[in-house]
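A quick write-up on the structure given underneath.
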Amino acid sequence: MSAAPRRHVEVAQIMGTAVSLHVMGDPDRAAVERAATACFDELREVDRVFSPYRDESDILRIARGELSMRDASPWVAEVAQACARAEADTDGLFTAWWSGVFDPTGYVKGWAVERAARRHLAPLAARRDVVAAGINAGGDLQLFTAPDADWAWNVAVVDPADRSRVLARVPVRDGAVATSGTTERGTHIVDPRSGVPAVGTASATVVAARLAHADVWATAAVAAGFDELGWIARAGRTTGILVSDDGRVRRWLDGVEVEVVRAG
73 MSAAPRRHVE VAQIMGTAVS LHVMGDPDRA AVERAATACF DELREVDRVF SPYRDESDIL
133 RIARGELSMR DASPWVAEVA QACARAEADT DGLFTAWWSG VFDPTGYVKG WAVERAARRH
193 LAPLAARRDV VAAGINAGGD LQLFTAPDAD WAWNVAVVDP ADRSRVLARV PVRDGAVATS
253 GTTERGTHIV DPRSGVPAVG TASATVVAAR LAHADVWATA AVAAGFDELG WIARAGRTTG
313 ILVSDDGRVR RWLDGVEVEV VRAG
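In the working numbering, the protein residues as written are 73 to 336.
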């Protein structure tokens, strides 16, 4: 039996969360550091453009009427178009427009992390001395594995009421995992259809090929509520787990529900 590959980790605080890069194998240390620097620099630039906490960010200047989308970073128009598609795809369960103001906070992190990972980490996974490479941004993951590697990321999905308890482990070779919910930061997801905070779902974890896609549908799942799974047919080939406020669990695989159980 071959030994487990070595893990190389680089960490930075960006966009209000811990962002960590994980490279499995025996690559040249300088190659890992270059990839990490490129990823982190790109995410910091995204934060400069989209941060809702920086007075001079493009997104706040647009909200104040000081900057047009046309004159802002090209990323703003790209994200606005993606958010419009996401709103249409989710039938309004996801939106980036609130009271007429464009606020893509719920989309930007997943989009930015996926973009940086594909540009700077995916090439590492193609190296002969690398088994896999991935990025974790506050629990949202974009993961890559070398095509010929007999290895997969083992992603734990935890009980939001007891984070020491693992509800499931999901093997992922190439793909993304996103989690949204109402437990860690309180109720922060609003149902766009009603304009009131979403209730009923403590957490929603979605596994998909792309982090931007997984993140949108994790948010949409919380907005829809625990008892509504009609949306999964529109989400494409996703797999996931919902946990209700009272401990019930719903799981689906490739768009088909497989069970309803109680977490406790």
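Positions of the beta carbon are idealized from the N, C-alpha and C atoms, including for glycine.
DSSP beta-bridge partners for residue i?
i: T109; result: Bridge partners of T109: none, in fact.
i: A209; result: V91, D212
i: G253; result: S275
i: H80; result: V95
i: G137; result: According to DSSP, G137 bridges with nothing at all.
i: W324; result: G312, E329
i: V262; result: P269
i: F122; result: Answer by DSSP bridge pairing: none, since F122 is not bridged.
i: G247; result: L215
Give the DSSP-derived three-state secondary structure of residue i in the structure shown.
i: L283; result: helix
i: F216; result: strand
i: D222; result: coil
i: T37; result: Within the shown structure, residues of the chain are numbered from 73 to 336, placing residue 37 beyond reach of any answer.
i: L196; result: helix
i: L44; result: With the chain represented from 73 up to 336, any question about residue 44 goes unanswered, as that position is not in the structure.
i: E150; result: helix
i: A204; result: strand
i: T167; result: coil
i: G302; result: helix
i: D130; result: helix
i: G178; result: helix
i: H228; result: The sequence as given places Ala at residue 228; His does not occur at that position. If DSSP states are grouped into helix, strand and coil, A228 belongs with the strands.
Looking at residue j and residue i, is the spacing between their C-beta atoms short of 8 angstroms?
i: V91; j: F122; result: no
i: Y125; j: A154; result: no
i: A250; j: L283; result: yes
i: G164; j: P264; result: yes
i: A198; j: L115; result: no
i: F216; j: A194; result: yes
i: R79; j: M96; result: yes
i: D326; j: R309; result: yes
i: A280; j: L314; result: no
i: G247; j: S275; result: no
Near residue i, what residues of its chain come up, given a Cβ to Cβ distance below 8 angstroms and the 5 sequence neighbours on each side ignored?
i: D100; result: D201
i: E329; result: L301, I304, R322, R323
i: G342; result: Residue coverage of the chain in this structure runs from 73 to 336, which leaves residue 342 outside it and unanswerable.
i: D175; result: P124, I131, A135, A168, W169
CA-CA distance, residue i and residue j?
i: D318; j: S236; result: 17 angstroms
i: A240; j: D127; result: 41 angstroms
i: P146; j: V118; result: 11 angstroms
i: A184; j: E331; result: 33 angstroms
i: E82; j: R191; result: 17 angstroms
i: R133; j: A152; result: 15 angstroms
i: L139; j: L93; result: 34 angstroms
i: A373; j: T177; result: Any question about residue 373 goes unanswered here, given that the chain covers just 73 to 336.
i: P269; j: V203; result: 42 angstroms
i: E150; j: G206; result: 24 angstroms
i: V104; j: A110; result: 10 angstroms
i: A221; j: T277; result: 26 angstroms
i: G172; j: A76; result: 52 angstroms
Spatial neighbours of residue i within its chain, please: C-beta separation below 7 angstroms, excluding the five flanking residues on both sides.
i: D226; result: Sequence check: residue 226 is Asn here, not Asp. Closer than 7 angstroms at the Cβ level, and outside the excluded window around N226, lie R241, P243.
i: T291; result: F166, G178, S252, I261
i: G211; result: T251
i: D98; result: R78, D201
Tell me which residues share the same chain as residue i and place their Cβ nearer than 6 angstroms to its Cβ, disregarding the 5 neighbours each side in the sequence.
i: I131; result: F122
i: V148; result: D130, M141
i: G88; result: none
i: N208; result: S92
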